[in-house]
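See structure below.
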Ligand SMILES: [Zn+2]
Ligand SMILES: [Zn+2]
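Residue numbers (this note's numbering): 13 to 380.
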């Protein structure tokens, strides 16, 4: 095994430096991951241009790899051994709070880097912190005792397993949070990897109508959405989406609206509230980048008896189900894994994800 580990380190906005770190000692309760695939998503695009805090960070929070070295206690506790292919959640929980006990590591204080900088989160933790290897854009990653790890099902390739983060989000948001089920009519706003995985989850759950919206640059993504079971796709630059939704539903509207736009601000909420059925629909939203919402449709939400849900990552079970879904072969995941990049091309890789609509899921492969 190499004595040094090469890592891509974000040192400033749009700036990557390659650094070498010492191969860490692995105590009994920890392990070392040989990173096979690190997925790149919209969050990477956002934080590569506008880092949320100063200081060097090894990015990469959607990580698949092989257990390269595992301490004795780690093996006993996790039921894993060297050579196992695993998915590592980016949340590193405290394992003590109510949320961790429920498998909701995403809600644990320890994983909330905004409020609790001492917490750990793969892809977000400062590279100065020992033993440094806390991100997937590197050859190896250090797995402390409280890492949350899922075994990749047999037969699922590392590259396809790399889609598990958006797939888990799809299951969490559509099925667990918005309770999409048999005969539901769903609006999915945004056809990126999150929107496509929400499409798969809704189709699998039995939704009777799936409408996916996008813009002109999303042509290829919209085609994939149709292959995954979307009944209608709407280009919001060419058609009035609300008019079209009402036409499709005979004026009745929809049961659920999911915001998978990652950055369209208040627009998906405004469209969702209008597009939902007369009473009792469910609206999911993303709002972290929306500090103010001057014309928030409070009255309408109350009057239509709408349930509002915030999109906040995924829990343990949705990851397990996400991996099973990807391994099921029911949907052609190869339609999503459109781009592969080597570690040295990480800068271009992140910008490619933020650029053209042709990139759906990009995999960073540190050993290619
Ligand atoms: Zn992500
Ligand atoms: Zn916790």
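Backbone N, C-alpha and C define an ideal beta-carbon position, used for all residues, glycine too.
Short of 6 Å in beta carbon distance, which residues of its chain neighbour residue i, apart from the five on each side in sequence? Order them along the chain.
i	result
residue 378	47, 151 and 355
residue 10	With the chain covering only 13 through 380, there is no way to say anything about residue 10.
residue 132	104
residue 111	119 and 120
residue 380	354
residue 209	178, 179 and 182
residue 351	371 and 374
residue 76	48, 49, 99, 170, 173 and 174
residue 107	158
residue 136	125
Excluding sequence positions up to five away, which residues of its chain have a Cβ less than 7 Å from the Cβ of residue i?
i	result
residue 222	198, 200, 211, 214, 215, 241, 242 and 243
residue 193	217 and 218
residue 227	247, 248 and 249
residue 101	117, 160 and 331
residue 338	168, 172, 173, 175, 176, 179 and 345
residue 23	29 and 68
residue 187	213 and 217
residue 189	296 and 321
Could you tell me the alpha carbon to alpha carbon distance between residue i and residue j, rounded to whole angstroms?
i	j	result
residue 32	residue 91	31 Å
residue 245	residue 195	19 Å
residue 166	residue 105	26 Å
residue 285	residue 318	8 Å
residue 183	residue 80	30 Å
residue 295	residue 82	43 Å
residue 185	residue 267	14 Å
residue 363	residue 57	7 Å
residue 239	residue 311	38 Å
residue 292	residue 325	24 Å
residue 124	residue 59	16 Å
residue 278	residue 66	28 Å
residue 269	residue 287	8 Å
residue 230	residue 370	7 Å
residue 36	residue 308	50 Å
residue 343	residue 373	15 Å
residue 383	residue 315	This structure cannot speak to residue 383, because the chain is shown only from 13 to 380.
residue 368	residue 96	35 Å
residue 313	residue 305	14 Å
residue 98	residue 54	23 Å
residue 251	residue 191	29 Å
residue 260	residue 113	43 Å
residue 302	residue 15	45 Å
residue 361	residue 282	33 Å
residue 336	residue 142	34 Å
residue 158	residue 334	21 Å
residue 220	residue 257	14 Å
residue 428	residue 94	Since the first residue of the chain shown is 13 and the last is 380, residue 428 is not available in this structure.
residue 224	residue 299	20 Å
residue 280	residue 17	43 Å
Leaving aside the five residues before and after residue i along the sequence, list all residues of the same chain whose C-beta is less than 8 Å from its C-beta, in chain order.
i	result
residue 19	30, 31, 32, 33, 70, 139, 144, 145, 147, 149, 150 and 151
residue 276	201 and 202
residue 109	120, 121 and 122
For the putative contact between residue i and residue j, defined by C-beta atoms under 8 Å, what is the C-beta separation to the nearest angstrom?
i	j	result
residue 74	residue 207	Not quite, the Cβ-Cβ distance comes to about 16 Å (not below 8 Å), so this is no contact.
residue 52	residue 376	6 Å
residue 153	residue 128	In fact, because the Cβ distance is near 21 Å, the residues do not count as touching under 8 Å.
residue 39	residue 62	In fact, because the Cβ distance is near 36 Å, the residues do not count as touching under 8 Å.
residue 289	residue 265	4 Å
residue 115	residue 328	3 Å
residue 156	residue 49	Contact flag wrong, Cβ pair sits at about 21 Å.
residue 297	residue 323	7 Å
residue 366	residue 272	Between residue 272 and residue 366 the Cβ distance is about 16 Å, and since that is not below 8 Å, they are no contact.
For a test of your reading of the model: does the CB of residue i fall under 7 Å from any non-hydrogen atom of ligand 3? Yes or no.
i	result
residue 134	For ligand 3, the structure offers nothing, since it holds only ligand 1 and ligand 2.
Exercise. Could you tell me whether the segment 44-64 touches the segment 85-93, using the rule of 3 or more Cβ pairs below 8 Å?
Key: no
Quiz item: Around ligand 2, which residues pass a check of Cβ closer than 7 Å to any of its heavy atoms?
Solution: 105, 106, 107, 108, 109, 111, 112, 117, 120, 121 and 122
Self-check item: At least 3 beta-carbon pairs within less than 8 Å: the segment 341-357 vs the segment 232-239
Solution: yes
Self-check item: By C-beta, the residues closer than 6 Å to any heavy atom of ligand 1, given in chain order
Solution: 53, 55, 73, 74 and 177
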